[in-house]
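Under the working numbering, the first residue of the sequence shown is numbered 4, with each subsequent residue one higher.
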Amino acid sequence: IVRYLGASPYKGRKGIEPCGAKGVYLVEILERKNDLLKISNLINRSRLKEAKDLGVHVGFVEAEHVYPMVGGRNIEKWGLNSYIYMVVPHFSYGEGIYRGIPVETLQSKYYRTYDWLFYFYNLLRDTRIRSAKFFDIKQFPWYRLDNVGDYTFKPYKVLWQEQAKAVDCCVVSSISDDFVSDKKVVTDSKVLFVSFDTENEAHYLCGVLNSEIIEQIIQGYTIDTNRGTDVEKYSHPTI
4 IVRYLGASPY KGRKGIEPCG AKGVYLVEIL ERKNDLLKIS NLINRSRLKE AKDLGVHVGF
64 VEAEHVYPMV GGRNIEKWGL NSYIYMVVPH FSYGEGIYRG IPVETLQSKY YRTYDWLFYF
124 YNLLRDTRIR SAKFFDIKQF PWYRLDNVGD YTFKPYKVLW QEQAKAVDCC VVSSISDDFV
184 SDKKVVTDSK VLFVSFDTEN EAHYLCGVLN SEIIEQIIQG YTIDTNRGTD VEKYSHPTI
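Next comes the structure, spelled out in structure tokens:
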């Protein structure tokens, strides 16, 4: 017998949306020099001809704005099989989370990141105008990303793929490696997640969503190609 306890207290969200410029913001790190990272963009991850025409751009950016990034292909049940990196020109708290770091601040304080992004100026401006939600070129920086907020930088996240045959969830937090130090994991728009302040609650939800009975419930109302952000909304039973 399954009894439903009402509305779920959790809110599912989509990961960061690069608005058609994924091949710009997803990067490979080539080396680290103090607080700078030498990067090259993963142009093969872009479908736009105008992006492919710009090709691979190599340069240095401030390490502060590069995060370990997880896409759907990186998620397995209970863990990750890999990750790459993403340039996120937003502050992780306060002003600049939702809107993006102000242009004047990026130019003066983080000019290497600004210069690297400016190589793609026309592409980023045009894709934002075309595809970004509620974008106003008079209000927002031309490099602003969609689906970025305080939830992006919470200490813990429960992740699952938007498109998959099964809902395989895992908990992620921060990553330290040769290039980044204790950086929060971010996700792309093909990954859905719930963010948390505490580790135990994140593992609780992950365990529930990975259970057999929840899989049966989810299979009953979704299709393989679209596991929505409402998975946690309808997966709130007790036995």
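Ideal Cβ positions, reconstructed from N, Cα and C, are used throughout, including at glycine.
In the DSSP assignment, Trp163 falls within the unbroken beta strand (DSSP E) covering 159 to 164. DSSP places Asn37 outside both helix and strand once states are collapsed to three, so it counts as coil. With a cutoff of 9 Å on beta-carbon distance, Pro21 and Thr130 are scored as near each other. With 16 or more other Cβ atoms inside 10 Å of its own Cβ, Ile32 counts as buried. DSSP, read as helix, strand or coil, puts Thr155 in helix. Straight across, the Cα-Cα distance linking Ser11 with Leu208 is about 11 Å. Here the segment 151 to 169 does not lie against the segment 26 to 40, with fewer than 3 beta-carbon pairs under 8 Å apart.
If you ignore the 5 residues before and after Arg35, its C-beta comes within less than 6 Å of the C-beta of Phe182, all in its own chain and listed in chain order. Separation of Trp163 and Phe196 (C-alpha to C-alpha, rounded to the nearest whole angstrom) is 6 Å.
DSSP places Asp191 in the strand class (E or B) of the three-state scheme. A contact is defined here as three or more CB-CB pairs under 8 Å, and the segment 147 to 162 fails this definition with respect to the segment 114 to 124.
The three-state reading of DSSP puts Asp129 in helix, counting H, G and I together.
The continuous beta strand (DSSP E) containing Cys173 extends over residues 173 to 175. Rounded to whole angstroms, Val59 and Arg50 show a C-alpha spacing of 14 Å.
Between the segment 209 to 217 and the segment 93 to 103, the count of Cβ pairs shorter than 8 Å is below three; the stretches do not touch. In the same chain as Gly62, and ignoring 5 residues on each side of it, the C-beta atoms closer than 6 Å to its own belong to Trp119, in chain order.
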